[in-house]
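Enquirer: Just dropping this structure here.
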Amino acid sequence: MRKEIRILDLRTLRRSWQITENIGANSPQWLGSSSNLIWLEPLRNGYTNLVIRDARLVDNEYIAGPVPGHISNLRVTSIPFIEDTDDDLGFAVVGKVHTDGSLFNPTEQSSTFDNVAGHSHTKRRADWFTSPQNSIIWFGTLTRPSEAPNGRYVMGKLTNLMDHFKLTTISLRITSGQEEDCRDFDINSWAIAFVGSDFDEESQQSSCSCYVCPMLRWDGYPLDSLYYAFSHRGLGGNISSPILKHNDTTVAFLSQKTRGYSSDKNRVIFIHNNQTSESEELFESQDGSRSYGQGFTDAIRGSWGGLQYNDLQKVFEYVQNNVNYANIERAVAIGHGYGGYMVNWIQGHDFGRLFKALITDNGIFSMKTQLAGNMQSLRHDFNGLPRENSSEWQKWDPAQYAGHWQTPHLVIHNELNLQQPLAQGLASFHTLQLRGVETMLLTFPDESHSHKNPENLLLWYHTLIDWMDKLVKSQH
(Lines of atoms letter the chains of each structure in order from A and count residues from 1; the text may use other names and numbers.)
(Lines give C-alpha, C1' and ligand atoms only; values in the text may rest on other atoms or scores of the structure.)
Protein backbone atom coordinates (compact mmCIF):
# COMPACT_ATOMS: atom_id res chain seq x y z
CA MET A 1 0.00 0.00 0.00
CA ARG A 2 1.61 3.24 -1.17
CA LYS A 3 1.12 6.38 0.91
CA GLU A 4 1.70 9.85 -0.50
CA ILE A 5 0.75 13.46 0.13
CA ARG A 6 -1.34 14.95 -2.67
CA ILE A 7 -3.10 18.26 -3.28
CA LEU A 8 -6.71 18.22 -4.54
CA ASP A 9 -8.12 21.17 -6.49
CA LEU A 10 -11.49 21.75 -4.81
CA ARG A 11 -12.66 24.01 -7.61
CA THR A 12 -12.78 21.18 -10.10
CA LEU A 13 -12.43 18.05 -7.89
CA ARG A 14 -10.65 16.56 -10.91
CA ARG A 15 -7.08 17.74 -10.55
CA SER A 16 -4.64 16.45 -7.97
CA TRP A 17 -0.87 16.33 -7.78
CA GLN A 18 1.81 14.85 -5.61
CA ILE A 19 3.59 17.30 -3.30
CA THR A 20 6.61 15.12 -2.40
CA GLU A 21 8.17 11.85 -3.51
CA ASN A 22 9.33 10.89 -0.01
CA ILE A 23 7.29 7.81 0.96
CA GLY A 24 7.87 8.48 4.66
CA ALA A 25 6.33 11.97 4.56
CA ASN A 26 3.44 12.38 7.02
CA SER A 27 1.33 14.85 9.03
CA PRO A 28 0.78 17.50 6.31
CA GLN A 29 -0.46 20.90 7.57
CA TRP A 30 -1.17 24.25 5.92
CA LEU A 31 0.95 27.17 7.13
CA GLY A 32 -1.52 29.88 8.10
CA SER A 33 -3.53 31.23 5.19
CA SER A 34 -0.67 30.83 2.72
CA SER A 35 -0.26 28.22 0.00
CA ASN A 36 2.68 26.65 1.86
CA LEU A 37 2.42 23.11 3.16
CA ILE A 38 4.57 21.61 5.93
CA TRP A 39 5.07 17.93 6.75
CA LEU A 40 7.37 15.57 8.66
CA GLU A 41 10.03 13.32 7.14
CA PRO A 42 11.73 10.73 9.41
CA LEU A 43 15.44 10.05 8.79
CA ARG A 44 17.52 6.90 9.29
CA ASN A 45 19.58 8.53 12.03
CA GLY A 46 16.44 8.93 14.15
CA TYR A 47 16.06 12.64 13.35
CA THR A 48 12.95 14.17 11.77
CA ASN A 49 12.91 17.01 9.25
CA LEU A 50 10.20 19.65 9.04
CA VAL A 51 9.83 20.15 5.29
CA ILE A 52 7.98 22.99 3.54
CA ARG A 53 6.88 23.52 -0.04
CA ASP A 54 4.48 25.79 -1.88
CA ALA A 55 1.52 23.60 -2.87
CA ARG A 56 1.50 25.26 -6.30
CA LEU A 57 4.94 23.69 -6.94
CA VAL A 58 6.39 27.08 -7.85
CA ASP A 59 9.56 26.30 -5.91
CA ASN A 60 11.49 23.36 -4.51
CA GLU A 61 10.85 22.01 -1.03
CA TYR A 62 13.17 23.06 1.79
CA ILE A 63 13.91 22.05 5.38
CA ALA A 64 12.68 24.47 8.05
CA GLY A 65 14.63 22.62 10.71
CA PRO A 66 15.89 19.22 11.79
CA VAL A 67 14.58 17.72 15.04
CA PRO A 68 17.05 15.43 16.90
CA GLY A 69 14.58 12.61 17.45
CA HIS A 70 11.46 10.89 16.15
CA ILE A 71 8.30 13.04 16.23
CA SER A 72 4.80 12.66 14.80
CA ASN A 73 1.31 14.18 14.77
CA LEU A 74 2.25 17.68 13.62
CA ARG A 75 -0.23 20.48 14.41
CA VAL A 76 0.21 24.14 13.33
CA THR A 77 -1.55 27.31 14.53
CA SER A 78 -1.19 31.09 14.50
CA ILE A 79 0.33 32.95 17.47
CA PRO A 80 -1.66 35.48 19.58
CA PHE A 81 -1.05 39.22 19.21
CA ILE A 82 0.87 38.85 15.91
CA GLU A 83 -0.10 41.31 13.18
CA ASP A 84 0.94 39.13 10.24
CA THR A 85 -0.28 35.69 11.28
CA ASP A 86 1.53 33.95 8.40
CA ASP A 87 4.97 35.17 9.49
CA ASP A 88 4.92 33.72 13.01
CA LEU A 89 3.32 30.35 13.70
CA GLY A 90 3.28 27.87 16.55
CA PHE A 91 3.41 24.11 16.20
CA ALA A 92 3.15 21.02 18.39
CA VAL A 93 4.24 17.41 17.87
CA VAL A 94 4.31 14.12 19.77
CA GLY A 95 7.63 12.53 20.72
CA LYS A 96 9.11 10.29 23.40
CA VAL A 97 11.13 11.75 26.25
CA HIS A 98 14.25 10.69 28.18
CA THR A 99 14.21 10.77 31.97
CA ASP A 100 16.27 13.98 31.77
CA GLY A 101 13.49 15.69 29.80
CA SER A 102 15.22 15.65 26.39
CA LEU A 103 13.79 14.28 23.17
CA PHE A 104 14.37 10.55 22.71
CA ASN A 105 16.26 9.29 19.65
CA PRO A 106 16.05 5.48 19.27
CA THR A 107 19.37 5.32 17.38
CA GLU A 108 21.36 6.97 20.18
CA GLN A 109 20.75 4.52 23.02
CA SER A 110 23.89 4.17 25.11
CA SER A 111 23.38 0.52 26.04
CA THR A 112 20.94 -2.35 25.85
CA PHE A 113 19.74 -1.38 29.33
CA ASP A 114 18.07 1.70 27.81
CA ASN A 115 15.34 -0.64 26.60
CA VAL A 116 14.67 -2.13 30.03
CA ALA A 117 11.49 -0.81 31.60
CA GLY A 118 10.73 -1.11 35.30
CA HIS A 119 7.12 -0.39 36.27
CA SER A 120 5.66 -0.09 39.75
CA HIS A 121 2.08 0.09 38.47
CA THR A 122 -0.12 -0.44 35.42
CA LYS A 123 1.76 1.97 33.19
CA ARG A 124 2.20 -0.96 30.78
CA ARG A 125 -1.55 -1.19 30.32
CA ALA A 126 -2.81 -2.33 26.93
CA ASP A 127 -0.86 -0.76 24.05
CA TRP A 128 -0.42 2.65 25.65
CA PHE A 129 3.26 2.20 26.43
CA THR A 130 5.60 -0.17 24.59
CA SER A 131 8.90 1.33 25.74
CA PRO A 132 10.37 2.86 28.90
CA GLN A 133 10.10 6.32 27.29
CA ASN A 134 6.79 8.14 27.68
CA SER A 135 5.17 9.97 24.79
CA ILE A 136 4.65 13.67 25.46
CA ILE A 137 3.91 16.89 23.56
CA TRP A 138 6.63 19.23 22.30
CA PHE A 139 6.02 22.73 20.94
CA GLY A 140 7.93 25.44 19.10
CA THR A 141 7.74 28.25 16.55
CA LEU A 142 7.97 28.64 12.79
CA THR A 143 9.01 32.17 11.79
CA ARG A 144 9.94 34.02 8.60
CA PRO A 145 12.82 36.37 9.55
CA SER A 146 13.27 39.39 7.31
CA GLU A 147 16.78 38.20 6.45
CA ALA A 148 15.62 34.71 5.45
CA PRO A 149 16.09 33.96 1.71
CA ASN A 150 12.86 34.06 -0.28
CA GLY A 151 10.81 34.43 2.88
CA ARG A 152 11.53 30.91 4.10
CA TYR A 153 10.38 29.63 7.49
CA VAL A 154 12.86 28.72 10.22
CA MET A 155 12.06 26.42 13.13
CA GLY A 156 12.67 27.72 16.65
CA LYS A 157 13.61 25.84 19.82
CA LEU A 158 11.62 22.70 20.64
CA THR A 159 10.22 22.78 24.20
CA ASN A 160 8.97 19.96 26.42
CA LEU A 161 5.34 20.92 27.20
CA MET A 162 5.07 18.70 30.31
CA ASP A 163 8.27 20.14 31.78
CA HIS A 164 7.23 23.68 30.82
CA PHE A 165 3.96 23.38 32.78
CA LYS A 166 5.40 21.24 35.61
CA LEU A 167 3.46 18.14 34.51
CA THR A 168 6.46 15.81 34.54
CA THR A 169 4.47 12.91 36.07
CA ILE A 170 1.92 13.10 33.25
CA SER A 171 2.29 11.42 29.88
CA LEU A 172 0.25 11.76 26.72
CA ARG A 173 -2.17 8.89 26.35
CA ILE A 174 -1.61 6.79 23.23
CA THR A 175 -4.66 4.55 22.95
CA SER A 176 -4.13 3.14 19.47
CA GLY A 177 -0.79 1.50 20.08
CA GLN A 178 0.71 3.72 17.40
CA GLU A 179 2.28 7.05 18.33
CA GLU A 180 1.69 8.19 14.73
CA ASP A 181 -2.07 7.96 15.28
CA CYS A 182 -2.67 10.08 18.39
CA ARG A 183 -6.14 11.62 18.50
CA ASP A 184 -6.07 12.83 22.07
CA PHE A 185 -4.60 16.32 21.74
CA ASP A 186 -5.55 19.56 20.01
CA ILE A 187 -4.08 23.07 19.67
CA ASN A 188 -5.17 26.59 18.78
CA SER A 189 -3.50 30.00 19.09
CA TRP A 190 -4.24 30.21 22.80
CA ALA A 191 -3.84 26.71 24.20
CA ILE A 192 -2.78 23.09 23.89
CA ALA A 193 -5.26 20.51 25.18
CA PHE A 194 -4.45 16.84 25.68
CA VAL A 195 -5.54 13.72 27.53
CA GLY A 196 -2.88 12.74 30.03
CA SER A 197 -2.43 9.49 31.95
CA ASP A 198 -1.43 9.25 35.58
CA PHE A 199 -1.66 6.59 38.27
CA ASP A 200 -3.89 6.47 41.34
CA GLU A 201 -2.01 4.62 44.08
CA GLU A 202 -5.15 4.20 46.20
CA SER A 203 -7.22 2.38 43.57
CA GLN A 204 -4.24 0.82 41.77
CA GLN A 205 -5.69 2.03 38.48
CA SER A 206 -4.40 4.40 35.86
CA SER A 207 -6.57 7.46 35.39
CA CYS A 208 -6.78 10.20 32.81
CA SER A 209 -7.65 13.87 32.76
CA CYS A 210 -8.02 16.52 30.09
CA TYR A 211 -5.29 19.15 30.53
CA VAL A 212 -5.52 22.65 29.04
CA CYS A 213 -2.22 24.58 28.83
CA PRO A 214 -2.58 28.34 28.09
CA MET A 215 -0.12 29.37 25.34
CA LEU A 216 0.53 33.10 25.38
CA ARG A 217 4.01 32.39 23.97
CA TRP A 218 5.24 29.54 21.79
CA ASP A 219 9.00 30.15 22.09
CA GLY A 220 9.48 28.26 25.37
CA TYR A 221 10.16 31.40 27.41
CA PRO A 222 9.80 30.64 31.17
CA LEU A 223 6.24 30.98 32.42
CA ASP A 224 5.04 33.50 34.95
CA SER A 225 3.79 31.79 38.12
CA LEU A 226 0.28 33.02 37.31
CA TYR A 227 0.07 30.68 34.33
CA TYR A 228 -0.49 26.98 34.88
CA ALA A 229 -2.29 24.06 33.29
CA PHE A 230 -5.92 23.32 34.09
CA SER A 231 -7.08 19.73 34.50
CA HIS A 232 -10.56 18.25 34.17
CA ARG A 233 -11.63 14.74 35.21
CA GLY A 234 -14.88 14.76 33.28
CA LEU A 235 -17.42 12.27 34.64
CA GLY A 236 -14.85 10.00 36.29
CA GLY A 237 -14.30 7.46 33.53
CA ASN A 238 -12.19 7.39 30.40
CA ILE A 239 -11.61 10.69 28.53
CA SER A 240 -10.84 11.11 24.82
CA SER A 241 -10.97 13.40 21.77
CA PRO A 242 -10.42 16.89 23.25
CA ILE A 243 -11.11 19.82 20.94
CA LEU A 244 -10.50 23.52 21.57
CA LYS A 245 -12.66 26.44 20.51
CA HIS A 246 -10.83 28.35 17.79
CA ASN A 247 -10.26 31.62 19.67
CA ASP A 248 -9.85 30.84 23.40
CA THR A 249 -9.16 28.05 25.92
CA THR A 250 -12.69 26.65 25.97
CA VAL A 251 -12.52 22.87 25.52
CA ALA A 252 -14.88 19.98 24.88
CA PHE A 253 -14.13 16.26 25.12
CA LEU A 254 -15.72 12.83 25.41
CA SER A 255 -16.03 11.28 28.86
CA GLN A 256 -17.32 8.01 30.25
CA LYS A 257 -18.84 7.63 33.72
CA THR A 258 -17.69 4.18 34.83
CA ARG A 259 -14.02 4.03 35.68
CA GLY A 260 -12.16 1.00 34.36
CA TYR A 261 -14.90 0.16 31.83
CA SER A 262 -13.65 1.00 28.34
CA SER A 263 -16.95 0.04 26.65
CA ASP A 264 -19.01 2.55 28.63
CA LYS A 265 -21.06 5.13 26.72
CA ASN A 266 -19.33 8.39 25.79
CA ARG A 267 -20.84 11.72 26.83
CA VAL A 268 -19.83 15.08 25.35
CA ILE A 269 -18.48 17.41 28.05
CA PHE A 270 -18.15 21.17 27.49
CA ILE A 271 -15.83 23.10 29.85
CA HIS A 272 -16.81 26.76 29.67
CA ASN A 273 -14.67 27.93 32.62
CA ASN A 274 -11.20 26.46 33.06
CA GLN A 275 -10.66 28.34 36.34
CA THR A 276 -13.57 26.66 38.13
CA SER A 277 -13.86 23.53 35.93
CA GLU A 278 -17.52 24.38 35.39
CA SER A 279 -18.78 21.88 32.85
CA GLU A 280 -21.92 20.82 31.09
CA GLU A 281 -22.90 17.43 29.69
CA LEU A 282 -24.29 18.24 26.26
CA PHE A 283 -25.51 14.88 24.98
CA GLU A 284 -24.58 11.24 24.87
CA SER A 285 -22.40 10.25 21.96
CA GLN A 286 -24.07 7.66 19.77
CA ASP A 287 -20.64 6.44 18.73
CA GLY A 288 -20.26 5.06 22.25
CA SER A 289 -23.39 2.95 22.01
CA ARG A 290 -21.53 0.11 20.26
CA SER A 291 -24.16 -0.25 17.51
CA TYR A 292 -26.85 -2.16 19.45
CA GLY A 293 -27.06 0.13 22.46
CA GLN A 294 -25.32 0.34 25.80
CA GLY A 295 -27.54 -2.34 27.34
CA PHE A 296 -26.31 -4.81 24.74
CA THR A 297 -22.71 -3.87 25.53
CA ASP A 298 -23.19 -4.01 29.31
CA ALA A 299 -24.69 -7.51 29.12
CA ILE A 300 -21.21 -9.00 28.86
CA ARG A 301 -20.70 -8.28 32.56
CA GLY A 302 -20.94 -11.57 34.43
CA SER A 303 -21.63 -13.47 31.21
CA TRP A 304 -18.51 -13.47 29.04
CA GLY A 305 -19.30 -16.74 27.30
CA GLY A 306 -23.03 -16.90 28.05
CA LEU A 307 -25.53 -14.55 26.42
CA GLN A 308 -23.26 -13.73 23.49
CA TYR A 309 -22.61 -17.41 22.81
CA ASN A 310 -26.35 -18.10 22.85
CA ASP A 311 -26.96 -15.21 20.44
CA LEU A 312 -24.42 -16.62 17.98
CA GLN A 313 -26.06 -20.05 18.14
CA LYS A 314 -29.44 -18.50 17.39
CA VAL A 315 -28.04 -16.53 14.45
CA PHE A 316 -26.45 -19.70 13.08
CA GLU A 317 -29.73 -21.58 13.47
CA TYR A 318 -31.68 -18.77 11.77
CA VAL A 319 -29.32 -18.72 8.79
CA GLN A 320 -29.51 -22.49 8.56
CA ASN A 321 -33.32 -22.48 8.44
CA ASN A 322 -34.09 -19.25 6.57
CA VAL A 323 -31.21 -18.22 4.28
CA ASN A 324 -31.39 -20.65 1.38
CA TYR A 325 -28.31 -19.40 -0.47
CA ALA A 326 -26.02 -19.83 2.58
CA ASN A 327 -24.03 -23.08 2.55
CA ILE A 328 -24.08 -23.74 6.27
CA GLU A 329 -22.10 -26.95 5.79
CA ARG A 330 -19.01 -24.87 4.97
CA ALA A 331 -19.13 -22.33 7.77
CA VAL A 332 -15.98 -20.71 9.22
CA ALA A 333 -15.83 -18.65 12.43
CA ILE A 334 -13.27 -15.86 12.92
CA GLY A 335 -12.83 -13.45 15.80
CA HIS A 336 -10.40 -10.76 16.98
CA GLY A 337 -9.85 -9.69 20.60
CA TYR A 338 -13.03 -10.57 22.47
CA GLY A 339 -14.17 -12.19 19.24
CA GLY A 340 -11.02 -14.34 19.46
CA TYR A 341 -12.02 -15.31 22.99
CA MET A 342 -15.44 -16.31 21.67
CA VAL A 343 -13.96 -18.48 18.90
CA ASN A 344 -11.87 -20.32 21.52
CA TRP A 345 -14.99 -20.67 23.67
CA ILE A 346 -16.93 -22.05 20.70
CA GLN A 347 -14.10 -24.51 20.01
CA GLY A 348 -14.60 -26.07 23.45
CA HIS A 349 -18.35 -26.61 23.04
CA ASP A 350 -20.67 -28.54 20.72
CA PHE A 351 -21.28 -25.43 18.62
CA GLY A 352 -17.67 -25.67 17.42
CA ARG A 353 -18.37 -28.93 15.62
CA LEU A 354 -20.68 -27.13 13.17
CA PHE A 355 -17.74 -25.21 11.64
CA LYS A 356 -15.26 -26.49 9.07
CA ALA A 357 -12.54 -24.19 10.41
CA LEU A 358 -11.95 -21.67 13.18
CA ILE A 359 -9.69 -18.60 13.26
CA THR A 360 -8.60 -16.82 16.45
CA ASP A 361 -6.88 -13.46 16.00
CA ASN A 362 -5.22 -12.07 19.16
CA GLY A 363 -7.68 -13.95 21.32
CA ILE A 364 -7.75 -15.32 24.86
CA PHE A 365 -6.80 -18.83 25.98
CA SER A 366 -7.06 -18.50 29.76
CA MET A 367 -8.86 -15.78 31.70
CA LYS A 368 -6.51 -15.43 34.67
CA THR A 369 -3.53 -14.78 32.41
CA GLN A 370 -5.45 -11.70 31.26
CA LEU A 371 -4.09 -10.02 34.37
CA ALA A 372 -0.88 -9.55 32.38
CA GLY A 373 -2.83 -7.14 30.19
CA ASN A 374 -5.66 -4.79 31.14
CA MET A 375 -6.62 -5.50 34.77
CA GLN A 376 -9.05 -2.61 35.08
CA SER A 377 -11.81 -3.66 32.67
CA LEU A 378 -11.61 -7.28 33.86
CA ARG A 379 -12.36 -6.19 37.41
CA HIS A 380 -15.56 -4.64 36.06
CA ASP A 381 -16.55 -7.48 33.72
CA PHE A 382 -16.02 -10.27 36.28
CA ASN A 383 -17.36 -8.40 39.30
CA GLY A 384 -13.97 -8.44 40.98
CA LEU A 385 -10.51 -9.96 40.71
CA PRO A 386 -9.83 -13.73 40.96
CA ARG A 387 -9.25 -13.55 44.71
CA GLU A 388 -12.63 -11.82 45.08
CA ASN A 389 -14.71 -13.88 42.64
CA SER A 390 -12.69 -16.91 41.51
CA SER A 391 -15.75 -18.94 40.42
CA GLU A 392 -16.72 -16.28 37.87
CA TRP A 393 -13.23 -16.30 36.34
CA GLN A 394 -13.14 -20.08 36.12
CA LYS A 395 -16.68 -20.35 34.76
CA TRP A 396 -15.88 -18.43 31.57
CA ASP A 397 -12.32 -19.71 31.00
CA PRO A 398 -11.85 -21.29 27.53
CA ALA A 399 -8.90 -23.32 28.84
CA GLN A 400 -11.33 -25.30 31.04
CA TYR A 401 -12.82 -26.80 27.87
CA ALA A 402 -9.61 -27.32 25.88
CA GLY A 403 -10.12 -31.09 26.15
CA HIS A 404 -12.95 -30.76 23.61
CA TRP A 405 -10.98 -28.81 20.99
CA GLN A 406 -11.04 -30.70 17.68
CA THR A 407 -12.02 -28.37 14.80
CA PRO A 408 -9.12 -27.23 12.51
CA HIS A 409 -7.90 -23.94 13.92
CA LEU A 410 -5.72 -21.05 12.67
CA VAL A 411 -4.17 -19.00 15.51
CA ILE A 412 -2.91 -15.46 14.81
CA HIS A 413 -1.17 -13.33 17.44
CA ASN A 414 0.94 -10.18 17.55
CA GLU A 415 4.13 -10.17 19.60
CA LEU A 416 3.77 -6.55 20.80
CA ASN A 417 0.21 -7.08 22.03
CA LEU A 418 0.17 -6.00 25.67
CA GLN A 419 -3.60 -6.33 25.98
CA GLN A 420 -3.62 -10.03 25.11
CA PRO A 421 0.03 -11.12 25.47
CA LEU A 422 1.61 -13.50 22.97
CA ALA A 423 1.47 -16.36 25.50
CA GLN A 424 -2.30 -16.53 24.92
CA GLY A 425 -1.83 -17.40 21.26
CA LEU A 426 1.05 -19.80 21.89
CA ALA A 427 -0.95 -21.64 24.56
CA SER A 428 -3.87 -22.06 22.15
CA PHE A 429 -1.61 -23.29 19.36
CA HIS A 430 0.33 -25.79 21.50
CA THR A 431 -2.89 -27.13 23.04
CA LEU A 432 -4.23 -27.84 19.56
CA GLN A 433 -0.92 -29.42 18.54
CA LEU A 434 -0.89 -31.72 21.58
CA ARG A 435 -4.43 -32.83 20.77
CA GLY A 436 -3.47 -33.64 17.18
CA VAL A 437 -5.83 -31.03 15.73
CA GLU A 438 -4.94 -29.57 12.33
CA THR A 439 -3.65 -26.12 13.13
CA MET A 440 -1.46 -23.24 11.98
CA LEU A 441 0.23 -20.36 13.82
CA LEU A 442 0.85 -16.89 12.34
CA THR A 443 2.65 -14.23 14.40
CA PHE A 444 3.64 -10.65 13.65
CA PRO A 445 6.71 -9.44 15.61
CA ASP A 446 6.11 -5.73 14.88
CA GLU A 447 2.37 -5.37 15.59
CA SER A 448 0.46 -4.60 18.78
CA HIS A 449 -3.22 -5.42 19.36
CA SER A 450 -4.30 -4.40 15.85
CA HIS A 451 -2.74 -5.01 12.44
CA LYS A 452 -1.57 -1.74 10.89
CA ASN A 453 1.47 -2.47 8.71
CA PRO A 454 0.28 -2.72 5.07
CA GLU A 455 2.62 -5.64 4.28
CA ASN A 456 1.39 -7.50 7.36
CA LEU A 457 -2.24 -6.89 6.39
CA LEU A 458 -1.57 -8.37 2.97
CA LEU A 459 -0.07 -11.50 4.54
CA TRP A 460 -2.96 -11.62 7.03
CA TYR A 461 -5.56 -11.67 4.25
CA HIS A 462 -3.65 -14.21 2.16
CA THR A 463 -3.23 -16.54 5.13
CA LEU A 464 -6.90 -16.35 6.16
CA ILE A 465 -8.19 -16.90 2.65
CA ASP A 466 -5.80 -19.79 2.00
CA TRP A 467 -6.73 -21.43 5.31
CA MET A 468 -10.47 -21.14 4.69
CA ASP A 469 -10.08 -22.22 1.07
CA LYS A 470 -8.12 -25.30 2.10
CA LEU A 471 -10.50 -26.44 4.85
CA VAL A 472 -13.76 -25.65 3.10
CA LYS A 473 -12.85 -27.21 -0.24
CA SER A 474 -11.21 -30.29 1.27
CA GLN A 475 -14.45 -31.39 2.93
CA HIS A 476 -17.51 -32.05 0.82
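Each number in our numbering comes from the position in the sequence shown (counting from 1) with 137 added on. Positions of the beta carbon are idealized from the N, C-alpha and C atoms, including for glycine. Please read these numbers as outputs of a predicted model, since none were measured by experiment.
Under DSSP, the beta strand (DSSP E) around His-301 begins and ends at which residues?
Expert: Premise fails: His-301 lies in the alpha helix (DSSP H), 298-301, not in any beta strand (DSSP E).
Enquirer: Taking the beta strand (DSSP E) that His-550 falls in, what are its first and last residues?
Expert: It spans 546-551 - the beta strand (DSSP E) in which His-550 sits, taken as one unbroken run.
Enquirer: Could you give the DSSP three-state label for Glu-525: helix, strand or coil?
Expert: Coil.
Enquirer: Report yes if the CB atom of Ala-330 is closer than 8 Å to the CB atom of Leu-381, and no otherwise.
Expert: Cβ atoms of Ala-330 and Leu-381: closer than 8 Å.
Enquirer: If we require 3 or more residues per run, which beta strand (DSSP E) segments fall completely within the segment 176-256?
Expert: Listed in chain order, the complete beta strand (DSSP E) runs (minimum 3 residues) inside the segment 176-256 are 185-191, 199-204, 208-215 and 225-234.
Enquirer: Look up Trp-275 in the DSSP assignment and say whether it is helix, strand or coil.
Expert: DSSP places Trp-275 in strand when its eight states are reduced to three.
Enquirer: Among Ser-585, Val-230, Asp-224 and Gly-183, which residue has its Cα nearest to the Cα of Thr-244?
Expert: Per the Cα distances, Gly-183.
Enquirer: Check the C-beta distance from Phe-241 over to Gly-232 and give it rounded, since I have them as a contact under 8 Å.
Expert: Indeed, because the Cβ distance is near 7 Å, the residues count as touching under 8 Å.
Enquirer: Flag this pair as touching only if the segment 199-217 and the segment 284-291 have three or more C-beta atom pairs under 8 Å; answer yes or no.
Expert: They touch, by the three-pair rule.
Enquirer: Quick check: Phe-453 and Asn-481, are their CB atoms within less than 8 Å of each other?
Expert: Not a contact, by the Cβ cut-off of 8 Å.
Enquirer: What did DSSP end up calling Phe-488 once you bin it into helix, strand or coil?
Expert: Three-state result, Phe-488: helix.
Enquirer: Measure the Cβ-Cβ separation of Leu-304 and Phe-322 and say whether it is below 8 Å.
Expert: Taking 8 Å as the Cβ cut-off, Leu-304 and Phe-322 do not qualify as a contacting pair.
Enquirer: Between the Cα of Ser-171 and the Cα atoms of Val-213, Asn-186 and Val-460, which residue gives the shortest distance?
Expert: Cα-wise, what sits closest to Ser-171 is Val-213.
Enquirer: Less than 8 Å between the beta carbons of Ile-274 and Ala-229, yes or no?
Expert: Their beta carbons are under 8 Å apart, which means Ile-274 touches Ala-229 by this criterion.
Enquirer: Check whether the segment 463-481 touches the segment 522-530, taking contact to mean three or more Cβ pairs, one atom from each stretch, closer than 8 Å.
Expert: No, they do not touch.
Enquirer: Between the alpha carbons of Ile-307 and Ser-344, how many angstroms are there, rounded?
Expert: Approximately 10 Å, taken between the alpha carbons.
Enquirer: Among the candidates Leu-295, Asp-356 and Ser-326, whose CA atom is the shortest distance from the CA of Thr-185?
Expert: Comparing Cα positions, the closest option is Leu-295.
Enquirer: Among Ala-192, Trp-441, Pro-558 and Asp-223, which residue has its Cα nearest to the Cα of Ser-283?
Expert: Of the candidates Ala-192, Trp-441, Pro-558 and Asp-223, the one whose C-alpha sits nearest the C-alpha of Ser-283 is Asp-223.
Enquirer: On the criterion of 16 or more Cβ atoms from any shown chain inside 10 Å, does Asp-401 qualify as buried, or is it exposed?
Expert: Buried, since its Cβ has 16 or more Cβ neighbours within 10 Å.
Enquirer: Between the C-alpha atoms of Lys-589 and Asn-554, what's the straight-line distance to the nearest angstrom?
Expert: The straight-line gap from Cα to Cα measures roughly 12 Å.
Enquirer: Would you report the Cα separation of His-378 and Asn-458, rounded to the nearest angstrom?
Expert: Here residue 378 is Ser; the residue named in the question, His, does not match the sequence. So the alpha carbons of these two residues sit roughly 44 Å apart.
Enquirer: Return the CA-CA distance between Leu-168 and Ile-175, expressed in angstroms with no decimal places.
Expert: Straight-line Cα distance between these residues: approximately 7 Å.
Enquirer: Is the distance from the Cβ of His-546 to the Cβ of Thr-497 below 8 Å?
Expert: Taking 8 Å as the Cβ cut-off, His-546 and Thr-497 qualify as a contacting pair.
Enquirer: Nearest-angstrom Cα distance between Gln-270 and His-235?
Expert: C-alpha separation (whole angstroms): 6 Å.
Enquirer: Can you check DSSP and say which residues form a bridge with Thr-497?
Expert: Its beta-bridge partners are Gly-472 and Val-548.
Enquirer: What is the DSSP secondary structure of Met-504, counted as helix, strand or coil?
Expert: Reduced to three states, the DSSP call for Met-504 is coil.
Enquirer: Go to Met-577, then tell me how far its beta strand (DSSP E) extends in each direction, as first and last residue.
Expert: Element bounds for Met-577: 576-581.
Enquirer: Restricting to Cα atoms, I'd like to know which of Gly-293, Ser-362 and Asp-448 is closest to Trp-355.
Expert: Looking at the Cα atoms, Gly-293 is the closest of the given residues.
Enquirer: Express the C-alpha separation of Ile-156 and Leu-226 in angstroms, rounding to a whole number.
Expert: Whole-angstrom Cα-Cα distance: 21 Å.
Enquirer: Where Leu-279 and Glu-584 are concerned, what is the direct C-alpha to C-alpha distance, given to the nearest angstrom?
Expert: Taking the straight line joining both Cα atoms gives about 35 Å.
Enquirer: Straight-line CA distance for Phe-488 to Gly-477?
Expert: Straight-line Cα distance between these residues: approximately 15 Å.
Enquirer: Taking 8 Å as the threshold (C-beta atoms), are Ile-376 and Leu-391 in contact?
Expert: Yes, they are a contact pair.
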